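What follows is a single structure, written as structure tokens, with notes after it.
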Amino acid sequence: MRPLRYSINITLDGCCDHRTIPASEELHRHAAAILARADALLFGRVTYEMMEAAWRPARTGRGPDGPADRMDPFARTIDAAKKYVVSSSLGAVDWNAELVRGELREAVQRLKQEPGEGLYVGGVRLPLALAELGLIDEYEFVVHPRLAGHGPTLFAGLSQYVDLALVDRLELGSGAVAMRYVPRSQRGGRAVLRRG
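Take the sequence shown: its position 22, counted from the start at 1, is 175 in my numbering, and no numbers get skipped.
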């Protein structure tokens, strides 16, 4: 069974608004490495549309942060990735994507049962629903040394605690720290500390 992994950038005060996170070549390389560990990406409609608008144009030589050579590894990786989109409102998708319909738990469990290295999920609302269902196997929070003073925040409205065990920590040159966790119910983990 392939694991479902979640990764997101947040500020020190918990804001996950992507516009508040300073982009850098190092951050893009890290994100590309995360996506490279997955056979496919799982997005909700909002994240899919946001990512498509930002990264599909990278084929033309430009991305949201300037010339494509600055974020090339991430742009190439996300552009080529197989994508599954959970949406009841979209009629069709493209950009190497397929719509996921039906009951969320069953649909995601089917995807996890397929052979491979893993699935990656991004966004805010879909991961909340997946956490409620206990379907996320690994969480990564890339915490940036910035205070935003506003939201949105992660997992607002979660109905129960999800206890996590730290399994890896990576310090990036920008001062951001990427921390990977697994649910304690799956396995207890010892930290493996690395410096970037």
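Ideal Cβ positions, reconstructed from N, Cα and C, are used throughout, including at glycine. Since the structure is predicted, the reported quantities are computational estimates derived from the model, not experimental observations.
Exposed or buried, which one is H303 when buried takes at least 16 other CB atoms within 10 Å? exposed
What's the call for R263, buried or exposed, on a 16-neighbour Cβ count within 10 Å? exposed
Give the DSSP-derived three-state secondary structure of D321 in the structure shown. strand
Whole beta strand (DSSP E) elements within the segment 225-281, 3-residue minimum: 235-239, 250-253, 272-274
Does the pairing of the segment 296-312 with the segment 162-176 give three or more beta-carbon distances under 8 Å? yes
Simplified DSSP assignment, three categories, for A191: coil
Determine the direct distance from the alpha carbon of A245 to that of I163, and round the result to whole angstroms. 31 Å
Could you tell me whether the segment 182-189 touches the segment 254-269, using the rule of 3 or more Cβ pairs below 8 Å? no
DSSP on V199, reduced to helix/strand/coil? helix
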